[in-house]
Structure formats: C-alpha cells, structure tokens
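> Residue 230 in the working numbering is what sits at position 23 of the sequence shown, and the numbering runs on without skipping anything.
Quick one: the structure is below, and I'll ask about it shortly.
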Amino acid sequence: MSRRCELTAKGAQVGHSVSHSNIKTKRRFLPNLVNVTFISDSLGRSVRLRVSANALKSVDHRGGLDGFLLKAKDAELSPKAIEIKRQIEKKKLTAEMAAQA
C-alpha cells in the first residue's frame with residue numbers, strides 16, 4: 208500500500224537526519240495518513256479513504272466530501288476518488304434535470 212493521500216496526493220518526502228556532529232544520513236518524512244469513513248450527502252452512502260490529517264481539515268473546510276471532490280483537480284485524486292467524484296457529478300446532474308422538469 209502506497210503512502211499517499213487519496214485526496215491531496217501528499218506522499219513521502221526525502222531529507223537528511225542531521226546529527227550533533229553534522230553528519231547527514233538519508234531519511235524519509237512520511238505523511239500522517241489515517242483511514243477515514245466519509246459520508247457522501249448526494250450519494251447517500253459512506254466511503255472509506257486513506258487520507259492525510261491535513262486533508263481531513265480541508266474536507267471539513269470545503270463543506271464535506273462532496274464539496275471537496277467537486278472542487279478538486281483530477282490529477283491530485285486517486286482512481287477511487289475520481290470514480291466517486293464522477294458518481295457525485297452524475298447524481299447532481301440528474302437532480303438538476305429532475306428539478307427543471
């Protein structure tokens with residue numbers, strides 16, 4: 208399982224551990240990933256994603272999973288998140304068509 212956020216594409220970074228004597232050794236900085244169950248308002252079901260703690264705050268700020276995915280770029284999202292985004296867009300479109308009729 209890759210250490211990458213499914214919503215923001217945050218991944219591992221590489222840097223140095225620097226000792227007191229200034230010896231540098233390679234190390235990895237891993238993102239703070241958590242398994243979270245989001246509830247989609249338009250789909251009416253729950254979705255499990257592996258996201259960073261920072262993405263949790265972003266999802267809350269943008270008004271839930273639906274709002275976050277509709278504003279997010281496809282390049283940053285995982286294939287699973289892109290599929291959920293398409294389902295949400297399709298549901299919103301059918302709801303608008305029903306409201307017009």
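Each residue gets a CB set at the ideal place from its N, CA and C atoms; glycine is no exception.
On the three-pair Cβ rule with 8 Å, is the stretch 270-289 touching the stretch 224-231?
no
> Tell me, to the nearest whole angstrom, how far the beta carbon of serine 249 is from that of isoleucine 295; I am working on the premise that it is less than 8 Å.
Separation of the CB atoms of serine 249 and isoleucine 295 is rounded to 5 Å, and the pair is thereby assigned contact status at 8 Å.
> When the distance is taken between beta carbons, is proline 238 closer than 7 Å to serine 259?
Their beta carbons are under 7 Å apart, which means serine 259 touches proline 238 by this criterion.
> Roughly how far, in whole angstroms, is the beta-carbon of phenylalanine 245 from the beta-carbon of leucine 284, given that I think they are within contact range, below 8 Å?
About 13 Å separates the Cβ atoms of phenylalanine 245 and leucine 284, ruling out a contact at the 8 Å cut-off.
> Please state the DSSP three-state secondary structure of leucine 277.
helix
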